[in-house]
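One line per chain: the protein sequences are A and B, in this order. The first sequence begins at 1 in my numbering and counts up by one. The second sequence begins at 304 in my numbering and counts up by one. One structure is given below, encoded as structure tokens.
There are 2 protein chains.
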Amino acid sequence: MEYLVGVDLGGTNTSVGAVDLDGNLIKELSRPSGDDGVYSVADVIISLCKELIFEYGKPCGIGIGVPGAVCDGTIIRTVNLPISYFEIGKMIESKLGVKYKLINDANAAALGEYTVMKMKAENVVLMTIGTGIGGGIIIDGKIYEGANGTAGEIGHTVIRKGGLMCTCGRRGCFERYASANALKRQTARAAKLHPESMLANAEKISGKTAFDCARAGDKAASEVVDKYIEYVGEGVCNLINIFQPEYFLIGGGISNEGEYFISRVRDYVRKREYNQFGKRTEIRAASLCNDAGIIGAALYAME
Amino acid sequence: MEYLVGVDLGGTNTSVGAVDLDGNLIKELSRPSGDDGVYSVADVIISLCKELIFEYGKPCGIGIGVPGAVCDGTIIRTVNLPISYFEIGKMIESKLGVKYKLINDANAAALGEYTVMKMKAENVVLMTIGTGIGGGIIIDGKIYEGANGTAGEIGHTVIRKGGLMCTCGRRGCFERYASANALKRQTARAAKLHPESMLANAEKISGKTAFDCARAGDKAASEVVDKYIEYVGEGVCNLINIFQPEYFLIGGGISNEGEYFISRVRDYVRKREYNQFGKRTEIRAASLCNDAGIIGAALYAME
Chain A
1 MEYLVGVDLG GTNTSVGAVD LDGNLIKELS RPSGDDGVYS VADVIISLCK
51 ELIFEYGKPC GIGIGVPGAV CDGTIIRTVN LPISYFEIGK MIESKLGVKY
101 KLINDANAAA LGEYTVMKMK AENVVLMTIG TGIGGGIIID GKIYEGANGT
151 AGEIGHTVIR KGGLMCTCGR RGCFERYASA NALKRQTARA AKLHPESMLA
201 NAEKISGKTA FDCARAGDKA ASEVVDKYIE YVGEGVCNLI NIFQPEYFLI
251 GGGISNEGEY FISRVRDYVR KREYNQFGKR TEIRAASLCN DAGIIGAALY
301 AME
Chain B
304 MEYLVGVDLG GTNTSVGAVD LDGNLIKELS RPSGDDGVYS VADVIISLCK
354 ELIFEYGKPC GIGIGVPGAV CDGTIIRTVN LPISYFEIGK MIESKLGVKY
404 KLINDANAAA LGEYTVMKMK AENVVLMTIG TGIGGGIIID GKIYEGANGT
454 AGEIGHTVIR KGGLMCTCGR RGCFERYASA NALKRQTARA AKLHPESMLA
504 NAEKISGKTA FDCARAGDKA ASEVVDKYIE YVGEGVCNLI NIFQPEYFLI
554 GGGISNEGEY FISRVRDYVR KREYNQFGKR TEIRAASLCN DAGIIGAALY
604 AME
């Protein structure tokens, strides 16, 4: 069978998938990302790929989506994994004998979404909310990578000057307030402050906890979600004022909360965006959700 | 003589210029912008154009750069002038009998700069610092206007959530901290707090006051400039993390402060930008400075 492998290297989990040449995900495997230096990160990828190759034979190519800046086969910088300036592609090629391509993970997600959904729009911005916040920008139907391949770091734009210290070295980055990790932190703090709340009784706090408890009517959880929507909305509004794309897509784990989440972000932005009159950006959940990164990375390997 | 007219409609002053077909500014006239409703704004433009027409005859076209969102011949929204949804172009055409085009003023400045400087870069972001902050974005050699013509409102991106109320309705916009108006406000406050300073003895506070006094060694003024550089740098760093363009140009009145100002913004950003390794964005003053808007608007009318 002719197929491609897409890798979604996340700050928390690594997923690999076998993807057919039309962009359909055939099989997906997932495991916690290596956290003991660069080789552990590469080992998890290689081991998962071997499982796919065992089942489907050699793929036509491997596309690796990385949560950070990449250039050719090298990871230039990623702030949520213990990697910088590492030729991960070359290492994987030598171990598996398969050609590779590296792509920023949010770019991969945007490409996956754009291609598979056959979007007619010329300009699309995709924001992925995971461990961090990534951005994939499509302009005139093509991934926009800037002069050096590292454009789209929308998570590392300051929305609260002098605020929380970010892994990138700045204070007050969007990512520190609106990522899934940030939401977990905000939820944990509320759980401590409100021992009477459902949050305090949650077995383990995840990015879903506050949403689940808010839906069940918990007041402290609702307050966490309200504030979180504000943070997300502020960043989305900034990006719409800059790009005014046809579509603004929200992907990553948190987007699984669906319209309960998206509609509230949309309301927040609609009241505040600069363009209040003409044709306005459509804000919606990325339809491929977590698969978009794998599919986009795989399709990128085909190019 | 074949020539074009470019209009730079500012929140404070309106300038019009006669520009030859190669983009050379032949004559420029300036007057305070009308502040008594839309007709007063149009009247100032029309009266200045008549002076040029009296001297040079009928131009081939008029390009009007507007500090806000435009679509076809209509000003959709501008927050620093008393205009919204006004067909200013049609009115000017009917009074002068000359074809017009409307363009966002920062887009005009970017186009002027890009064309006249024969820039080889594909991706350029220009930020104009005036009464407000405007953004002109060039991608693949073309002005990027988004899906509705209103992209590039970089001044209306929140850098301090919950901060100062902005004319756009949000709190904490970049423009509220880093425009020339913001600097004047910051300077006036310091003058009050430090009656011993040179600032307090300035006859009239302008966007130049703090820079002039800081250069002369005044401590209070230096503190104002330091803080102002931080604000500007924070926004520039955000935009570079998003766009990673070949060039980031800073234009508008404050850019007349030259390297004293630009080099300090550059230092601030260099330490903080996400991409610390590969090819990095060159930050420099827009070379045409205040003329870029007039020239770009004029050239746009020729298209």
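Even for Gly, the Cβ is constructed at its ideal location relative to N, Cα and C.
Please report the straight-line C-alpha distance between B/Val428 and A/Gly162, rounded to a whole angstrom. 25 Å
Are B/Met394 and B/Leu552 touching if we call contact CB-CB under 9 Å? no
C-alpha distance - B/Asp570 paired with B/Arg587, whole-angstrom precision: Using only the alpha carbons, I get a separation of about 12 Å.
Which residues does DSSP list as the beta-bridge partners of B/Phe551? B/Phe551 is bridged to B/Val428 and B/Ile586.
Could you say which of B/Arg488, B/Ile348 and B/Glu358 lies nearest to B/Pro335 if we only look at CA atoms? B/Ile348
Are the C-beta of A/Gln276 and some C-beta of chain B separated by less than 9 Å? yes
Answer yes or no: does any C-beta atom of chain A fall closer than 9 Å to that of B/Pro548? yes
Between A/Thr281 and chain B, is there a C-beta pair that is closer than 9 Å? yes
Quick one: what's B/Ser333 bridged to in DSSP? B/Ser318
Find the residues of chain B that neighbour A/Cys320, judging by a C-beta separation of less than 7 Å, and give them in chain order. A question about residue 320 of chain A goes unanswered here, because the residues of chain A that appear run from 1 up to 303.
Partner residues on chain B for A/Glu113, Cβ-Cβ distance less than 9 Å: Taking a Cβ-Cβ cut-off of 9 Å, A/Glu113 has no neighbours in chain B, whose nearest Cβ is about 17 Å from it.
Residue span of the beta strand (DSSP E) that contains B/Ile597, given as start and end: First-last for B/Ile597: Asp594 to Met605, but that is the alpha helix (DSSP H), not the beta strand (DSSP E).
Under three-state DSSP, which class holds B/Ile508? coil
Candidates A/Gly97, A/Pro67, A/Cys213 and A/Asn275, of which the one nearest A/Glu196 by Cα: A/Cys213
Counting along the chain, where does the alpha helix (DSSP H) carrying B/Ile378 start and finish? Per DSSP, B/Ile378 belongs to no alpha helix (DSSP H); it is in the beta strand (DSSP E), Thr377 to Arg380.
What residues from the region 448-459 of chain B come within 7 Å of chain A, judged by C-beta to C-beta, listed N to C? Gly449, Ala450, Asn451, Thr453, Ala454, Gly455, Glu456, Ile457 and His459
Are any of the Cβ atoms in chain B nearer than 9 Å to that of A/Gly163? yes
In whole angstroms, give me the CA-to-CA distance for A/Glu273 and A/Cys237. 6 Å
A/Pro59 and A/Val5 closer than 9 Å at C-beta: yes
List, in chain order, every chain B residue whose beta-carbon is nearer than 8 Å to that of A/Gly251. Here the premise fails: no neighbours, minimum Cβ distance about 18 Å.
So, for B/Glu305: in the same chain, excluding its five sequence neighbours on each side, which residues have a beta-carbon less than 8 Å away from its beta-carbon? Asp323, Leu324 and Cys363
DSSP three-state assignment for A/Asp8, whether helix, strand or coil: strand
If we cut at 9 Å on Cβ distances, does B/Glu526 have a partner in chain A? Judged by the 9 Å Cβ criterion, B/Glu526 is not in contact with chain A.
In chain A, which residues lie less than 8 Å from B/Asp570 when you measure between Cβ atoms? In chain order: nothing, as chain A lies at least about 15 Å away.
Taking the DSSP output, what are the residues bridged to B/Ala372? Answer is B/Arg380, bridged to B/Ala372.
Answer yes or no: do A/Leu9 and A/Val116 have a C-beta to C-beta separation smaller than 9 Å? Contact flag unset, no.
When DSSP labels each residue in this structure, what does B/Arg518 get in the three-state scheme? helix
Give the list of continuous alpha helix (DSSP H) stretches no shorter than 4 residues that lie fully inside the region 524-577 of chain B. 562-575
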